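One structure is given here, and the rest of the page talks about it.
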Amino acid sequence: MTPFNFNMLMFMAMLVAPMALATQHVVGDNDGWSNPRYPEFYAEWASLHTFNVGDTLFFNFTKEAHDVAEVPQEAYDQCHTEGAKVIIKSAGAVKLTSCGAHHYISTRKGDCETHQKVALYVQPSSV
Ligand SMILES: *[C@@H]1O[C@H](CO)[C@@H](O)[C@H](O)[C@H]1NC(C)=O
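Going by mature numbering (1 follows the signal peptide of the UniProt record, and there is no 0), the letters in the sequence shown line up with residues -22 to -1, 1 to 105, in that order.
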């Protein structure tokens, strides 16, 4: 292999590496995104994961039954769904594009009150 090709390979590896490190987190693991079995369920789930910018959250749920909105902490704490910006209405991935605290709730009636909500802290990109 010529030195030129080796450098090209290194360059391409550097481009690809950050993507390879991005993790997809299935929210709630096998339980998916639903009314949790106990109130601390999603807090426990979040505490077992490390979130970095560039990772994605996969919310797995039945369309119509739930949704996902990203809300400020106050709305999260008090389950204020009015005016909440719903980001997905059926199962799908949400990319974590910024550092800091992120709060997600389901705006469907009664969901947030049963603790179908998750707060997580996103760290800078791991690369
Ligand atoms: C989503 O939930 C369904 C039904 O429980 C399950 O079969 C599927 O494997 C889940 N998908 C992911 C990515 O966890």
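Ideal Cβ placement from N, Cα and C applies to all residues, glycine included.
Predicted, not measured: the structure shown is a model, and the values here were computed from it.
Start and end residues, alpha helix (DSSP H) containing residue i
i          : result
residue 94 : Where residue 94 is concerned, there is no enclosing alpha helix (DSSP H), given that its DSSP letter is neither H nor E.
residue 24 : 19 to 25
Beta-bridge partners of residue i, as assigned by DSSP
i           : result
residue 48  : 63 and 82
residue 87  : In DSSP, residue 87 forms no bridge with anything.
residue 101 : 30
residue 37  : 70
Within 7 Å, strictly: CB atoms of residue i and residue j
i          : j           : result
residue 30 : residue 101 : yes
residue 45 : residue 72  : no
residue 11 : residue 39  : yes
residue 94 : residue 84  : yes
residue 57 : residue 18  : no
residue 81 : residue 35  : no
residue 47 : residue 62  : yes
residue 1  : residue 33  : yes
residue 41 : residue 68  : yes
Range of the contiguous beta strand (DSSP E) that encloses residue i
i          : result
residue 6  : Where residue 6 is concerned, there is no enclosing beta strand (DSSP E), given that its DSSP letter is neither H nor E.
residue 71 : 70 to 73
- prompt: How do the segment 48 to 65 and the segment 11 to 27 stand: do at least 3 beta-carbon pairs fall below 8 Å, yes or no?
  reply: no
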